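Under my numbering, the residues of the sequence shown are numbered 2 to 148, in order.
Just so it is clear, CB atoms sit at the ideal spot from N, CA and C, and this is done for glycine as well.
Treat the numbers as computed from the prediction; the structure is a model and nothing was measured.
Data first, discussion second: the structure below is written as structure tokens.
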Amino acid sequence: MSELDDFYNELIMEHSMNSYHKKQLGSCDFCEKGHNPNCGDEIELQVKLNGNVIEDMAFTGHGCAISQSSTSIMIETLKGKTIQEAKEIIQTFIEMIKREIKDEEKLEKLEDAIAFKNIANMPARVKCALLAWHTMEDLIQQAEKKE
């Protein structure tokens, strides 16, 4: 294992044990539940928008270290971005997990979420890592319908 892999594993564990984003927002514009029936992971994403910018996000729920840290890191990555930027980042993350993108430059927009790059080597964990990202996709679709 490389030093970079060690760093990514530490980052995932840090977010799993100490998520600063695991809380209720005082008020939110959109809320979406995500559930992985395979392992019982459940999350609820809350998003507060300012125009088309993601002003704040939080989550509640429970699940494995991968699902919880992926949710936390996703929130950190998407907060402050526009809806369009968020959609592009989500798509890039999903393509990285499916091994459809290997170009490091394209992956840079993922920031710390690149830590999940090797999750593709663990098929049983892929759905855990993707839960929050798919839930956020659903939430964005909901937001766009209201426009």
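Using only alpha-carbon positions, find the residue among the options that is nearest to residue i.
i: N10; options: K118, A125, K147, M137; result: K118
i: H63; options: E4, R100, C129; result: C129
i: K24; options: E112, V48, E89; result: V48
i: A133; options: E109, A66, E4; result: A66
i: E45; options: F31, A121, T93, K88; result: F31
i: T136; options: F8, H36, I13; result: H36
i: D57; options: I76, K147, S20; result: I76
With which residues is residue i paired in a DSSP beta bridge?
i: F31; result: V48
i: A59; result: Q47
i: T83; result: V54
i: D42; result: N37
When you compare the CB positions of residue i and residue j, do they come within less than 9 Å of one another, or not?
i: F60; j: T78; result: no
i: E83; j: I55; result: First, the amino acid is wrong: residue 83 is Thr here, not Glu. In contact: T83 and I55 (Cβ atoms closer than 9 Å).
From which residue to which residue does the alpha helix (DSSP H) around residue i run?
i: R126; result: 124-147
i: L108; result: 105-108
Can you tell me whether residue i sits near the ligand ZN, meaning its C-beta is under 8 Å from at least one heavy atom of the ligand?
i: L79; result: What this structure holds is no ligand at all, so the ligand ZN is not there to describe.
For residue i, does the count of other Cβ atoms within 10 angstroms reach 16, so buried, or fall short, so exposed?
i: G52; result: exposed
i: Q142; result: exposed
i: F94; result: buried
i: D42; result: buried
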